[in-house]
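For what it's worth, the numbering used here labels the leading residue of the sequence shown as 69, then goes sequentially.
Glycine included, every Cβ here is placed at the ideal spot set by N, Cα and C.
Structure record follows, encoded as structure tokens.
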Amino acid sequence: MSRPLEFDDILRIKSISHVAVSPDGKQVVAALKSVATPSTYQTNLVDWSNGRPKRLTKGRVSDGQPQFSADGRLFFGSNRNKPKPAVFTLKDGKPELVFEMPEGSIGAMKVSPDGNKFAFLYRPADPHATKAAKAERKRAKTSEPPLAFSQFPWRLDGDGEFGDRTWHLMVWSGGKAEPLGVSDCWAGIDFAWLPDSSGLVVAHDPRTEPFMEYSADILELFPLKGERRVLNSGNGGKSMVSVSPSGELVAYVLDPSEPHHWGIRRQQLGVVNLKTGAHRLVMADQDLLFSGHPLGDARDASNPQILWLDEDRVAIPWSERGDYALAEVNLATETATKIAHITGEVHVTAHHKGQFWGWICTPESPTEMVTIKGGKIKLLAPVNRDWLKDCEVARLEELHVPVPGSYDLHAWRIRAVGASKGKRPAVISVHGGPACFYSPTFFFEMQMFAAHGFEVFLSNPRGSTSYGEEHARCILGEWGQQDWADVKALTDHAKADPEVDTDRVSIVGGSYGGYMVNWAIAHDPTYHRAVSDRCVSNLLSKWGNSDYPFVPDGVWPGCAFRDDIDVLWECSPIKHMGNAKTPTLIIHSVGDLRCHIEQGEQVFTALKMLGVRTRMVRYPVTTSHGLSRNGPPDLRIHRLQEYVAWLKS
Numbered sequence: 069m070s071r072p073l074e075f076d077d078i079l080r081i082k083s084i085s086h087v088a089v090s091p092d093g094k095q096v097v098a099a100l101k102s103v104a105t106p107s108t109y110q111t112n113l114v115d116w117s118n119g120r121p122k123r124l125t126k127g128r129v130s131d132g133q134p135q136f137s138a139d140g141r142l143f144f145g146s147n148r149n150k151p152k153p154a155v156f157t158l159k160d161g162k163p164e165l166v167f168e169m170p171e172g173s174i175g176a177m178k179v180s181p182d183g184n185k186f187a188f189l190y191r192p193a194d195p196h197a198t199k200a201a202k203a204e205r206k207r208a209k210t211s212e213p214p215l216a217f218s219q220f221p222w223r224l225d226g227d228g229e230f231g232d233r234t235w236h237l238m239v240w241s242g243g244k245a246e247p248l249g250v251s252d253c254w255a256g257i258d259f260a261w262l263p264d265s266s267g268l269v270v271a272h273d274p275r276t277e278p279f280m281e282y283s284a285d286i287l288e289l290f291p292l293k294g295e296r297r298v299l300n301s302g303n304g305g306k307s308m309v310s311v312s313p314s315g316e317l318v319a320y321v322l323d324p325s326e327p328h329h330w331g332i333r334r335q336q337l338g339v340v341n342l343k344t345g346a347h348r349l350v351m352a353d354q355d356l357l358f359s360g361h362p363l364g365d366a367r368d369a370s371n372p373q374i375l376w377l378d379e380d381r382v383a384i385p386w387s388e389r390g391d392y393a394l395a396e397v398n399l400a401t402e403t404a405t406k407i408a409h410i411t412g413e414v415h416v417t418a419h420h421k422g423q424f425w426g427w428i429c430t431p432e433s434p435t436e437m438v439t440i441k442g443g444k445i446k447l448l449a450p451v452n453r454d455w456l457k458d459c460e461v462a463r464l465e466e467l468h469v470p471v472p473g474s475y476d477l478h479a480w481r482i483r484a485v486g487a488s489k490g491k492r493p494a495v496i497s498v499h500g501g502p503a504c505f506y507s508p509t510f511f512f513e514m515q516m517f518a519a520h521g522f523e524v525f526l527s528n529p530r531g532s533t534s535y536g537e538e539h540a541r542c543i544l545g546e547w548g549q550q551d552w553a554d555v556k557a558l559t560d561h562a563k564a565d566p567e568v569d570t571d572r573v574s575i576v577g578g579s580y581g582g583y584m585v586n587w588a589i590a591h592d593p594t595y596h597r598a599v600s601d602r603c604v605s606n607l608l609s610k611w612g613n614s615d616y617p618f619v620p621d622g623v624w625p626g627c628a629f630r631d632d633i634d635v636l637w638e639c640s641p642i643k644h645m646g647n648a649k650t651p652t653l654i655i656h657s658v659g660d661l662r663c664h665i666e667q668g669e670q671v672f673t674a675l676k677m678l679g680v681r682t683r684m685v686r687y688p689v690t691t692s693h694g695l696s697r698n699g700p701p702d703l704r705i706h707r708l709q710e711y712v713a714w715l716k717s
């Protein structure tokens, strides 16, 4: 007999990433992340040849970015030599060091086709934070020095405070690593090797403080011998750079540089001819989104890529109406067709002669390894379905909820597990971003609510991506209006359901979702309970204490601290909090650099002054904004237990 999912099942979830295939198509390798201890993870390489997983590396380490050279050698990055980041190969089944760098971090890494060179992003460690420096302070009994900087920005959630240290594009060859003269504070550099290994095509922003303006990446050819050549000027952010098999064409995804906030603008597929310099945008008149941001807590973030099928066709990720699929684009006819589509997400990073390899995430399961051929998806040996076979996974249903005077909101309902007859409590969940989207996939947090008897309702209100540019941008400068109308419509829909207890409908959300929870309790006192997680409450204070400070004329009009501050204050939930009556749980990480903990503290203080029942849970400085997705497993469990206990109270 199947059982409901339990909190500790989070320790059993495994996630797949970085799938690579050998040049002959016979070997398929992926990185597999799993829980090592209650507070840590490990990532090892797994061989999926013949569909049967075989572990290639072992240990409580982080092995990632597997990739093959043209002669079939397998390379990967690893922290096994920490504190020095390193690149390894496998020899006789054992990891063998290729090269290592001084203390610091290696980001994206790509082996040259000939297997003799490596291009990679590298950032050195803070000189005061090296192993030797710490040992010397301990010996001398001196204090940790301050962090001084002039660079902006100088920190990133999940990455920490890096001050003036930047990421550098490096090439390792002949036993040494040399910088190419390209750097960026946020690793916003994309690159790809030419097929003959003679150089790189690089997308980067040459300005010293690019964050102060809109993206203006240039695309450059970097021959290892000879002069650099600009291929395309700074007309927007460029990513997913990929060179065709002949080495004649370069494809990339363009985010136009007109005023926008990341993820909101429609994207375009750019193609440059390396021989003639000719440049064109494919399907430029269509409202497309290639590198969308589906949200989830049971899989790692994807590394989207453009895969060349031949000189006229590419395979590219495709985000549409909450789906994350794979599409084929014919560059000559400028037409696109979906290669594979399921209810959920399809992530593909490897291709060989008409066959693809990657992973899927469905409503029934976290990541599973698949191969795709002829549009048919074949599931390989199970990664998560083996342990899930004894569990009762909550059922997901698609909804289309009318919003008065507007449109039909795309939403989903997750049914309570083992629900008996009679009315049940419900949870309205609002996603973060807002320029992201919920996808109909396995979401452990939602499954926990359903396992404890809650009907769960989630949606992609206005402000979400994958529904076209207008749907995403219509809330710019006026949060709490059209987006709130959508959340309210979903709430009313839940309350009207004959199986839902009207008096026990609660609302939860994190990040921008936390903003909407704060807005909801300030404008509607009828919610039974609320959980405001890593929230935004005061836009006047948030603008300058986040790793993503408000860019002038971006999400909000003018410059946040000197122009139309009345707009920011009017859209701040804390201004309206005097009407709140809903018992509220506030969850925040002290180490959150995206939404500073003072945002949650303001809500806690305001509600306590109003006499509203309130509880705050502060997670340690070692955790970040991403606690719910990639924080320590034991703290992720603790967080969900706090949620369920509060909603049941």
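| Asked | Found |
| --- | --- |
| Excluding the 5 residues preceding and the 5 following Ile174 in the sequence, name in chain order all residues of the same chain whose CB lies nearer than 6 Å to its CB. | Gly145, Pro153, Phe188 and Tyr190 |
| Please work out which residues of its chain come closer than 7 Å, Cβ to Cβ, to Ser65, disregarding the five sequence neighbours upstream and downstream, and give them in chain order. | The shown model of the chain, from 69 to 717, leaves out residue 65, and the question about it has no answer. |
| Alpha carbon to alpha carbon, what distance is there between His693 and Gly622? | 22 Å |
| Would you call the region 251-266 and the region 642-659 in contact, with 3 or more CB pairs under 8 Å? | no |
| Where do the N-terminal and C-terminal ends of the beta strand (DSSP E) with Asp476 fall, by residue? | Asp476 to Ile482 |
| Identify which residue in Pro593, Ala200 and Glu168 has its Cα closest to the Cα of Val239. | Glu168 |
| With respect to the beta strand (DSSP E) encompassing Ala494, which residues constitute its N-terminal and C-terminal limits? | Arg492 to Val498 |
| Applying the criterion that 16 or more other CB atoms from any shown protein chain within 10 Å of the CB defines a buried residue, is Val311 buried or exposed? | buried |
| Would you kindly report the start and end of the unbroken beta strand (DSSP E) that includes Asn341? | Gln336 to Asn341 |
| What's the C-alpha gap between Lys178 and Gln135? | 8 Å |
| What is the DSSP secondary structure of Ala648, counted as helix, strand or coil? | coil |
| At the level of alpha carbons, what is the spacing between Glu669 and Cys663? | 11 Å |
| What number of angstroms, rounded off, separates the C-alpha of His409 from the C-alpha of Ala393? | 6 Å |
| Determine the closest residue to Val436 out of Gln354, Asp368, Gly315 and Glu538, with distance taken between C-alpha atoms. | This sequence places Glu at residue 436; Val is not what is there. Minimum Cα distance to Glu436 is reached at Asp368. |
| Nearest to Asn112 by alpha carbon, out of Val498, Val87, Ala271 and Ala484? | Val87 |
| Could you give the distance in angstroms between the alpha-carbon of Pro106 and the alpha-carbon of Pro701? | 6 Å |
| Going by the beta-carbon positions, is the gap between Gln110 and Ser102 smaller than 8 Å? | yes |
| Any beta carbon of chain D sitting closer than 8 Å to that of Ser614? | Looking at the structure shown, chain D is missing, and only one protein chain is on hand. |
| What is the DSSP secondary structure of Ala590, reduced to helix, strand or coil? | helix |
| Please report the straight-line C-alpha distance between Asp404 and Leu337, rounded to a whole angstrom. | In the sequence as presented, Asp is not what sits at residue 404; that position holds Ala. In a straight line, the C-alpha of Ala404 is about 11 Å away from that of Leu337. |
| Is there contact here, the region 561-570 with the region 347-367, by at least three beta-carbon pairs under 8 Å? | no |
| State the start and end residues of the unbroken beta strand (DSSP E) segment that holds Val269. | Gly267 to His272 |
| Kindly give me the distance between the Cβ atoms of Glu513 and Asp365, rounded to whole angstroms, as I take these residues to be in contact under 8 Å. | 6 Å |
| Flag this pair as touching only if the region 638-645 and the region 605-619 have three or more C-beta atom pairs under 8 Å; answer yes or no. | yes |
| Quick one: grab the DSSP three-state call for Ala200. | helix |
| Where Trp235 and His272 are concerned, what is the direct C-alpha to C-alpha distance, given to the nearest angstrom? | 12 Å |
| Starting from the N-terminal side, write out each stretch of the beta strand (DSSP E) that is 3 residues or longer and does not extend beyond the region 513-540. | 523-527 |
| Closest to Pro195 by CA distance: which of Asp182, Arg207 and Glu212 is it? | Glu212 |
| Going by the CB atoms, is the gap between Ser527 and Ala562 shorter than 8 Å? | no |
| Looking at Pro313: is its Cβ nearer than 8 Å to the Cβ of Pro263? | yes |
| State the DSSP-derived secondary structure class of Gly175, mapped to helix, strand or coil. | strand |
| Which one of Ser218, Ser507 and Tyr583 has the shortest CA to CA distance from Arg233? | Ser218 |
| Per DSSP, what are the beta-bridge partners of Trp261 in this structure? | Leu268 |
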